[in-house]
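**Q** Mapped onto the numbering used here, the consecutive letters of the sequence shown carry residue numbers 471 to 852.
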Amino acid sequence: MPATSAGASTTTRSSTSPRRRASIRVTYKLIGKNYTTPDILAKVTGRAKYAEDFRAEGMLFTKLLVSPMPHARVRRLDTSAAMAMPGVEAILTADDLPEAEAPQEAGLTNEPLYEGEPILAIAAVDEETAAEAIEAVQIDFEPLPFVLDPMDSLRPGGPNARLDGNTMAGRDLSTIKWGDVDWSEFDRGVMPLGGEVTDEWQVGDVDAGFAEADLILDESVFSASLSHQPLETRTAMAYWQNGKCYMHCSTQSTARTEAGMARWIGIDPTDLVLITEYCGGGFGSKISSSVQARIPALLSRKAGRPVMMRVTRQEENFFGRARPGIQARAKFGFRSDGRVVAIDLTMVQDGGPYGRSGDYMSCADQASLMYQPEHMRVRGMT
471 MPATSAGAST
481 TTRSSTSPRR
491 RASIRVTYKL
501 IGKNYTTPDI
511 LAKVTGRAKY
521 AEDFRAEGML
531 FTKLLVSPMP
541 HARVRRLDTS
551 AAMAMPGVEA
561 ILTADDLPEA
571 EAPQEAGLTN
581 EPLYEGEPIL
591 AIAAVDEETA
601 AEAIEAVQID
611 FEPLPFVLDP
621 MDSLRPGGPN
631 ARLDGNTMAG
641 RDLSTIKWGD
651 VDWSEFDRGV
661 MPLGGEVTDE
671 WQVGDVDAGF
681 AEADLILDES
691 VFSASLSHQP
701 LETRTAMAYW
711 QNGKCYMHCS
721 TQSTARTEAG
731 MARWIGIDPT
741 DLVLITEYCG
751 GGFGSKISSS
761 VQARIPALLS
771 RKAGRPVMMR
781 VTRQEENFFG
791 RARPGIQARA
801 KFGFRSDGRV
811 VAIDLTMVQD
821 GGPYGRSGDY
831 MSCADQASLM
841 YQPEHMRVRG
851 MT
């Protein structure tokens with residue numbers, strides 16, 4: 471340290487930076503401490519009310535008639551016997567709803583595109599009466615072609631999930647067939663390459679990256695479609711008062727649900743009062759509720775009474791789908807130092823007949839973020 475003259479002041483610079491000193495003063499409110507979340511007491515004491523818990527004077531209960539076939543057309547529908555039963559107050563069919571623009575789901579349909587898709591709903595004084603009325607409905611179906619594996623739909627001459635296409639190109643339905651690929655590869659468990667897709671992007675020169683690689687892994691992978699299985703199903707209750715629709719439904723976000731639900735019901739969002747204080751699980755599958763939640767609202771308007779629709783666990787499996795399946799060919803190139811130099815992904819997502827979600831592109835985004843390849847090519851479709 472340099473010498474100082476007598477009486478001169480000495481200043482010592484702290485070795486701790488201002489940013490470091492600021493971090494030392496942080497007082498944590500939650501990390502490392504015991505705390506009680508705002509909703510936990512109501513949940514553990516049973517005071518939390520979910521959509522199924524609400525009751526209103528004169529409330530009716532709904533049961534659904536769902537398709538027993540994976541793809542069919544309703545040829546004849548006679549609800550007169552059901553409507554004549556004591557206790558039955560209203561019946562809602564697809565003809566009561568505005569036609570949904572493909573590939574949107576209407577909630578009720580005369581051409582079910584998957585097993586368990588709702589065809590009509592009956593509101594009665596109790597669930598037992600509504601269930602008996604469902605049995606009294608006379609209905610005839612015309613079976614139509616269906617497909618369980620999206621790869622089968624890509625084969626030349628293979629069936630489509632819809633009569634008007636098997637994939638989405640932008641916002642439009644279209645049909646794509648892989649006529650110029652080696653399908654014998656797929657029969658051996660290897661996903662074929664080279665077929666047409668709807669989405670693709672590339673960074674760098676993938677072929678040059680693989681030429682530089684010391685190790686190349688080329689794998690075909692499969693992930694099945696899954697339902698998120700929340701403890702609370704997609705139950706909803708609705709009634710009308712002073713021109714407004716009041717709805718209790720199971721959703722993770724009222725903000726993300728309100729506009730879509732108002733559109734499905736056919737009203738202005740300012741005329742919808744959406745109430746969801748507690749949601750019994752969703753895991754992303756209930757971010758914007760479901761189109762089937764419109765059913766009790768429309769039945770309530772038709773019957774002039776509150777209507778509750780309690781969705782069964784089986785029905786939750788039918789239309790509570792969330793995580794689409796995917797089949798992919800993943801090719802990775804590594805240098806000897808462990809660096810990923812190239813990734814080539816081809817993905818076919820099983821979005822179902824109404825699926826337009828691009829989760830397969832999220833898969834590519836995650837691979838790019840995690841592995842930081844120097845060269846990458848992505849090709850996919852749903």
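All residues carry an ideal CB built from backbone N, CA and C; glycine is no exception.
The structure displayed is predicted, hence computed values, not measured ones.
#1: Look up residue 671 in the DSSP assignment and give the residues it is bridged to.
#2: How would you call residue 808, buried or exposed, if buried means at least 16 neighbouring beta carbons within 10 angstroms?
#3: What's the gap between the Cα of residue 707 and the Cα of residue 821?
#4: Going by beta carbon distance, what residues of the same chain come within less than 7 Å of residue 476, once the five residues before and after it are set aside?
#5: Closest to residue 609 by CA distance: which of 537, 770, 698 is it?
#6: In whole angstroms, what is the alpha-carbon distance linking residue 687 and residue 784?
#7: Do the segment 744–752 and the segment 692–706 touch if we need at least three Cβ pairs shorter than 8 Å?
#8: Taking the DSSP output, what are the residues bridged to residue 588?
#9: Which runs of the beta strand (DSSP E) fall wholly inside the segment 580–634 and span at least 3 residues, in chain order?
#10: In chain order, what residues of the same chain lie with their CB nearer than 8 Å to the CB of residue 481, ignoring the 5 residues before and after it?
#11: If you compare alpha carbons, which of 761, 626, 635 is closest to residue 719?
#12: Excluding five sequence neighbours on each side, which residues of the same chain lie with their C-beta closer than 7 Å to the C-beta of residue 829?
#13: Check whether the Cβ atoms of residue 811 and residue 678 sit closer than 7 Å, and answer yes or no.
#14: Can you tell me whether DSSP reads residue 559 as helix, strand or coil?
#15: I'd like to know if the segment 663–674 and the segment 837–849 are in contact, where contact means that at least 3 CB-CB pairs between them fall below 8 Å.
#16: Taking 8 Å as the limit between beta carbons, can you name the residues of its chain near residue 485, skipping five residues before and five after?
#17: Is the Cβ-Cβ distance between residue 773 and residue 526 less than 7 Å?
#18: Can you give me the Cβ contacts of residue 840 inside the same chain, cut-off strictly under 7 Å, excluding the 5 residues immediately before and after it?
#19: To the nearest whole angstrom, what separates the beta carbons of residue 744 and residue 717, a pair I think is in contact under 8 Å?
#20: Kindly indicate which three-state DSSP category residue 730 falls into: helix, strand or coil?
#21: Going by other Cβ atoms of all chains shown within 10 Å of its Cβ, with 16 needed for buried, is residue 588 buried or exposed?
#22: Determine the direct distance from the alpha carbon of residue 836 to that of residue 624, and round the result to whole angstroms.
#23: Per DSSP, what kind of secondary structure is residue 786 in: helix, strand or coil?
#24: Please tell me whether residue 590 and residue 541 are closer than 7 Å, where the distance is taken between their beta carbons.
#25: Hey, residue 558 and residue 601: beta-carbon distance below 7 Å or not?
#26: Closer than 7 Å, CB to CB, is residue 653 near chain D or not?
#27: Quick one, which of 721, 637, 582 has its alpha-carbon nearest residue 757's?
#28: Using 10 angstroms around the beta-carbon of residue 824, count the other beta-carbons present and answer buried if the total reaches 16, otherwise exposed.
#29: Secondary structure at residue 513, three-state DSSP: helix, strand or coil?
#30: I need the DSSP call for residue 765, collapsed to helix, strand or coil.
**A** According to the structure data:
#1: Its beta-bridge partners are 848.
#2: Within 10 angstroms of the beta-carbon of residue 808 lie fewer than 16 other beta-carbons, which makes it exposed.
#3: When only Cα atoms are considered, residue 707 and residue 821 end up about 28 Å apart.
#4: Confidence is the limiting factor: at residue 476 the pLDDT is only 39, short of 50, which leaves the residue's position unreliable, though a coordinate-based value still follows. Closer than 7 Å at the Cβ level, and outside the excluded window around residue 476, lies no residue.
#5: Nearest C-alpha to residue 609: 537.
#6: Near 40 Å, if we compare the C-alpha coordinates of residue 784 and residue 687.
#7: As far as the Cβ criterion goes, the segment 744–752 touches the segment 692–706, which means the pair count is three or higher.
#8: Residue 588 is bridged to 536.
#9: DSSP runs (the beta strand (DSSP E)) wholly in the segment 580–634: 588–594, 608–613.
#10: Note on residue 481: pLDDT 40, under 50, position unreliable in the model; no value is reported.
#11: Just measuring C-alpha positions, the residue of 761, 626, 635 sitting nearest residue 719 is 761.
#12: Listed in chain order, the non-local C-beta contacts of residue 829 below 7 Å within the same chain comprise 794, 819, local neighbours out to five positions each way being set aside.
#13: The beta carbons of residue 811 and residue 678 sit no closer together than 7 Å.
#14: In this structure, DSSP gives residue 559 an extended state, which the three-state scheme calls strand.
#15: Look at the beta carbons and you see the segment 663–674 touching the segment 837–849: at least three pairs across the two are nearer than 8 Å.
#16: Residue placement at residue 485 cannot be trusted, given a pLDDT of 49 that sits under 50; the coordinates are not used to answer.
#17: Taking C-beta atoms as the reference points, residue 773 and residue 526 fail to come closer than 7 Å.
#18: Cβ neighbours of residue 840 beyond the five flanking positions: none.
#19: With 8 Å as the limit, residue 744 and residue 717 qualify as a contact, their Cβ atoms being about 5 Å apart.
#20: DSSP places residue 730 in helix when its eight states are reduced to three.
#21: Flag for residue 588 reads buried.
#22: Near 26 Å, if we compare the C-alpha coordinates of residue 836 and residue 624.
#23: Looking at residue 786 - three-state DSSP - the assignment turns out to be helix.
#24: Their beta carbons are not under 7 Å apart, which means residue 590 does not touch residue 541 by this criterion.
#25: Against a cut-off of 7 Å, the Cβ pair of residue 601 and residue 558 comes out as no contact.
#26: Annotation note: the requested chain D is absent from the structure, which comprises a single protein chain.
#27: Answer by Cα proximity: 721.
#28: Buried, by the Cβ-count rule.
#29: Secondary structure of residue 513 (DSSP, three-state): helix.
#30: Helix.
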